[in-house]
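This report refers to the structure that appears directly beneath it.
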Amino acid sequence: MRPDRMPVVEIDRAALIANWRMLDSRNSGAKTGAAVKANGYGLGAVEVATALFEAGCRDFFVAWAEEGAALRGTLDRLQADASNASADPRIFVLQGLEPATVPLYLARNLIPVLSTPDDIAVWQAGLRATTRKAPAAVQFETGMNRLGLTSKDARLAADLAASGELELCLVMSHLASADEPTSQSAEQLERFRALAGLFPSVPRSLANSAGVFLGPDYAFDLTRPGIALYGGEAGPGSSEAIRAVARLTASVLQVRIAKAGEAVGYGAAARLDRDTRIATVGIGYADGYHRAASGAGVGMRQLRPGAEAILAGRRVPVLGRVSMDLTLLDVSGLPEDAVRPGARAEFFGPDMPIDAVAQAAGTIAYELLTALGPRVYRRWV
Ligand SMILES: *Cc1c(COP(=O)(O)O)cnc(C)c1O
């Protein structure tokens with residue numbers, strides 16, 4: 604039996620679906636896909652994809668072929684059970700095509716996103732060896748200098764597409780700063796338009812979550828939101844529209860009063876200036892609750908104070924260093940009997956915005972979600 608007091612992340616399926624529908628409704632002309640890489644941003648790719656399929660999503664993006672292969676069976680079963688004959692679910696693999704994996708792409712019906720001339724050559728050679736036809740996507744470099752064809756290589760790809768030697772179902776690029784007020788997105792948009800113009804009849808995709816909030820110019824034929832589905836902010840003005848999806852909780856294991864002048868936690872990083880009631884909670888950095896969220900004593904983090912959690916309906920600060928399996932909360936501000944062993948504290952969720960916790964830890968919501976450890980039980984509600 605799994606102990607009740609272990610950390611849990613509750614995942615609100617209705618909120619996940621509501622977020623997808625909200626994003627979908629912002630662009631009437633474009634289809635809305637979903638980034639489900641990294642195990643659905645840590646929450647469970649199969650469960651996420653199942654919920655979004657039922658909402659109407661048919662385009663899924665993963666980083667690696669392995670991730671796509673693990674999803675294919677689920678999506679095919681859902682499609683077979685679906686009463687109306689809708690478009691077949693597609694799985695796009697964003698990176699890492701290599702010769703040995705081409706058979707996996709073909710067997711599991713995965714669409715590679717080709718980002719280098721070498722990717723194109725590997726894909727073509729793999730198809731020739733099997734005499735199969737299968738579509739691919741190409742990605743352009745438009746200002747991020749991460750993955751993508753240069754404009755010269757995009758021209759070569761356009762020649763191959765025009766002559767029928769390369770079958771394409773999508774051209775795409777990725778926005779570097781869509782969540783910030785900068786001119787970079789507009790510059791990328793212009794470059795993307797120019798390069799996509801080389802592929803006249805191929806559908807286009809540019810926007811991640813924050814790109815969806817930049818307006819219809821960025822939507823093209825298909826959007827690829829990730830973080831906003833899972834309840835993270837996606838740029839200025841987005842947070843009102845996005846519902847919290849994940850609620851991370853852990854249990855109080857012990858409550859004690861420590862005296863003024865005493866030290867707390869590893870490294871005696873917190874030294875008490877008054878008598879303090881402390882709740883010791885069973886969650887730590889091994890669960891993905893970052894050490895950088897500590898209330899004190901993390902040398903590399905310049906931000907002060909550390910994160911807060913919700914206990915007995917109130918915000919309480921993290922005290923001293925977060926350790927591997929335990930975190931200390933200063934509950935002096937709560938009524939004396941409000942906190943007992945077994946009470947659960949919320950470390951992020953509807954009452955403790957994940958972006959506020961991320962900021963206190965010097966990181967982003969993406970990292971808090973994808974870092975959730977294997978000891979954290981995923982409970983769908
Ligand atoms: C991860 C990813 C996305 C989703 O980005 P969010 O910022 O989470 O919405 C979209 N496109 C590509 C290429 C990605 O790598």
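Throughout, this note's numbering is defined as the position within the sequence shown, counted from one, plus 603. Don't be surprised by glycine CBs; every beta carbon is placed ideally from N, CA and C.
One thing to note: Val612 has its Cβ no nearer than 8 Å to the Cβ of Leu914. For Gln698, there is no enclosing alpha helix (DSSP H), as DSSP marks it with neither H nor E. Under the Cβ criterion (8 Å, minimum of three pairs), the region 610 to 624 counts as touching the region 650 to 658. Close CB contacts of Ala941 within its chain, under the 7 Å cut and outside five residues either way in sequence, are with Ala915 (chain order).
The set of residues whose C-beta lies within less than 5 Å of a heavy atom of ligand 1 reads, in chain order, Ala638, His777, Asn811, Ser812, Arg827, Pro828, Gly829, Ile830.
A distance of 8 Å or more separates the beta carbons of Ser854 and Gly887. Under the three-state reduction of DSSP output, Glu949 falls in the strand class. Buried is the label assigned to Ile830, since at least 16 other Cβ atoms lie within 10 Å of its Cβ. DSSP places Glu770 in no beta strand (DSSP E); its state is neither H nor E. Assigned with DSSP and collapsed to three states, Ser808 falls in strand. Under DSSP, Leu914 takes part in a beta bridge, and its partners are Arg917.
Burial check for Gly840: the Cβ neighbour count within 10 Å stays below 16, so the residue is exposed.
Comparing C-alpha distances from Tyr821 to each of Val805, Arg796, Phe802 shows the shortest one belongs to Arg796.
Annotated three-state conformation of Pro720 is helix, per DSSP.
By the Cβ test, the region 638 to 655 is in contact with the region 669 to 676, since at least three Cβ pairs between them sit closer than 8 Å.
If you check the CB distance, Phe695 and Phe664 come in under 8 Å.
When DSSP states are grouped into helix, strand and coil, Thr734 belongs to the coil group. Under DSSP, Met955 shares a beta bridge with Gly952.
Judged by their CB atoms, Met775 and Ser812 are not nearer to each other than the 8 Å cut-off.
Taking the Cα positions, Ala740 is about 16 Å away from Thr704. The beta-bridge partner set that DSSP reports for Asp662 consists of Arg693. By the neighbour-count criterion, in which a residue is buried when 16 or more other Cβ atoms sit within 10 angstroms of its Cβ, Ala789 is exposed.
In the DSSP annotation of this structure, Glu783 is not part of any alpha helix (DSSP H), being labelled neither H nor E. One Cα belongs to Arg735, the other to Leu792, and the distance between them is close to 34 Å. Cβ atoms of Leu929 and Gly885 come within 8 Å of each other, at about 6 Å. Judged by their CB atoms, Ser718 and Gly751 are nearer to each other than the 8 Å cut-off. Scanning Arg859, Leu730, Leu798 for the CA closest to the CA of Glu770 turns up Leu730. Per DSSP, reduced to three states, the secondary structure at Tyr892 is coil, with no helix or strand assignment.
At the C-beta level, Gly834 and Ala844 stay beyond 8 Å of one another.
Around Arg894, the same chain offers Tyr888, Val901, Arg924, Val925 as residues with beta carbons nearer than 7 Å, after the five sequence neighbours per side are excluded. Counting along the chain, Ser628 sits inside the alpha helix (DSSP H) bounded by residues 616 to 628.
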